[in-house]
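*Asks:*
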Amino acid sequence: MSHDLFEAAKAAMAKAYAPYSKFPVGAALRTEDGRVFTGANIEVASYPEGWCAETTALGHYIMAGGGRITEIAVIAERTAKCSPCGGCRQRLAEFCRPETKLYLCDNAGVVETVTMGDMLPYGFQGDMLK
């Protein structure tokens, strides 16, 4: 992973709106053509009706035309190796290959590298609906 993806996730985390949990999270996605999309978690008073950093990044990615995601970085202020929740894993898998790299970070950088296949080995696939 190039350092810029980590820095993008860290910068996104700084924009998190987490007044209730005090648990800011940032995410950055890179596409095959090199574009980077970021997101931060957003909480609302009607907890848990907010959304995760990965979902915010996916929204920006979709609105910009999408593409194949090749790398993902996730960082949380208070937890090393914060991984996407189950819902985000499923949403990310829709736009990733099993070999897509997922970098779990802390404030200093990447702590562990896994793949989407590692994180969601039996994810629900669209072809199951046919």
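Counting from 342, one number per residue, gives the positions in the sequence shown under this note's numbering. Don't be surprised by glycine CBs; every beta carbon is placed ideally from N, CA and C.
Between residue 446 and residue 364, is the Cβ-Cβ spacing less than 8 angstroms?
*Replies:* No; because the gap between Cβ atoms is not below 8 angstroms, this pair is not in contact.
*Asks:* Comparing C-alpha positions only, which one of 442, 426 and 463 sits nearest to residue 372?
*Replies:* The option with the nearest alpha carbon to residue 372 is 442.
*Asks:* What number of angstroms, rounded off, separates the C-alpha of residue 439 from the C-alpha of residue 452?
*Replies:* Answer to the nearest angstrom: the Cα atoms are 20 angstroms apart.
*Asks:* Is DSSP giving residue 426 helix, strand or coil here?
*Replies:* DSSP places residue 426 in coil when its eight states are reduced to three.
*Asks:* Which first and last residues belong to the beta strand (DSSP E) in which residue 447 is found?
*Replies:* Residue 447 -> beta strand (DSSP E) spans 437 to 447.
*Asks:* Between the Cα of residue 354 and the Cα atoms of 414, 458, 463 and 434, which residue gives the shortest distance?
*Replies:* Among 414, 458, 463 and 434, the Cα nearest to that of residue 354 is on 414.
*Asks:* Grab me the residues of residue 349's own chain with a C-beta within less than 6 angstroms of its C-beta, minus the 5 sequence neighbours each way, in chain order.
*Replies:* Excluding sequence neighbours, residue 349 sits near 369, 377 and 379.
*Asks:* In whole angstroms, what separates the C-alpha of residue 389 from that of residue 344?
*Replies:* Whole-angstrom Cα-Cα distance: 32 angstroms.
*Asks:* Taking the beta strand (DSSP E) that residue 403 falls in, what are its first and last residues?
*Replies:* Segment 394 to 404 is the alpha helix (DSSP H) holding residue 403; no beta strand (DSSP E) there.
*Asks:* Let me confirm a value: residue 470 is counted as buried when at least 16 other C-beta atoms fall within 10 Å, else exposed. Which label applies?
*Replies:* Label assigned to residue 470: exposed.
*Asks:* Opposite residue 461 in the DSSP bridges: which residues?
*Replies:* DSSP lists no partner for residue 461.
*Asks:* Under the DSSP definition of a beta bridge, which residues are partnered with residue 358?
*Replies:* Answer is 383.
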